[in-house]
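In what follows, a single structure is set out as structure tokens and then discussed.
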Ligand code: DX5
Ligand code: ZN
């Protein structure tokens, strides 16, 4: 299970709003829609004001799924815990630049451990903060809400940072967006250069998960209503 090479648009469902009592079924439902990546939101109640899952849940889920496990670590001290997520079966680790003491060292270490690596910026964090680090990663995650909860309103100004990130990383590195992604906002972020779309509420608030994923796919295949480079 490897993060797909850049060049395709992928939807990465976030299970944050899934039925946690039936997670294996939820994973099977999204897999049947043909997605390749599942986005696993890890929160520690410290870096963000919410608590979710950790390595034990990921290790159990690994037995039920062949999807790429994209672990979004919204935790303080990611260097202290990241290795445990890889041991549990995470294929990709994204950490927040705001939380990492020595981000470059962490990127190298995660690569040595065989994971692909993402670096994430919160809405208020300027792109300059990751300018030197982004080209060392496999994916850059641009938050389009304040991390912590699903179902929040999409922040257009934060999404515009994707344009600058794309200029920095070129076509070979994935750019993921996370927060408020749905059939209305997907064409906007795709036109800015995002290629990995995290969607939680837009999928798991609908009873038919497959139809919800297909609705997002259909939205960005239409003519985008904001052109790339728009300010
Ligand atoms: C927010 C999480 C997101 C969240 C997205 O802190 O990182 O992955 O689940 O959910 P929606 O798509 O509902 O905004
Ligand atoms: Zn996330």
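Numbering (the working numbering), first residue to last: 17 to 247. We put the CB at the ideal spot given by N, CA and C, even for glycine.
- For residue 153, the CB contacts under 7 Å within the same chain, skipping 5 residues up- and downstream, are 123, 133, 134, 135, 189 in chain order.
- Rounded to whole angstroms, the gap between the alpha carbons of residue 187 and residue 65 is 34 Å.
- Here residue 205 really is in contact with residue 193; their C-beta atoms are around 5 Å apart, less than 8 Å.
- Proximity to residue 35 across 232, 200, 222, 233 peaks at 222, based on C-alpha coordinates.
- Taking residue 218 as reference, the option from 177, 166, 173 with the minimal CA-CA separation is 166.
- The bridge partners DSSP lists for residue 132 are 108.
- In the structure shown, residue 113 adopts coil according to DSSP, grouped into three states.
- Contact check for residue 131 against residue 146 fails: the beta carbons are separated by 7 Å or more.
- Counted as a single uninterrupted DSSP element, the alpha helix (DSSP H) harbouring residue 225 occupies residues 225 to 237.
- For residue 161, the closest of 155, 172, 151 by C-alpha to C-alpha distance is 172.
- Here residue 67 is exposed. Its C-beta has fewer than 16 other C-beta atoms within 10 Å.
- Contact annotation: residue 111 and residue 89 have beta-carbon atoms nearer than 7 Å.
- The C-beta of residue 48 has fewer than 16 other C-beta atoms within 10 Å across all chains shown, which makes the residue exposed.
- Looking at the backbone, the Cα of residue 18 and that of residue 107 are separated by about 7 Å.
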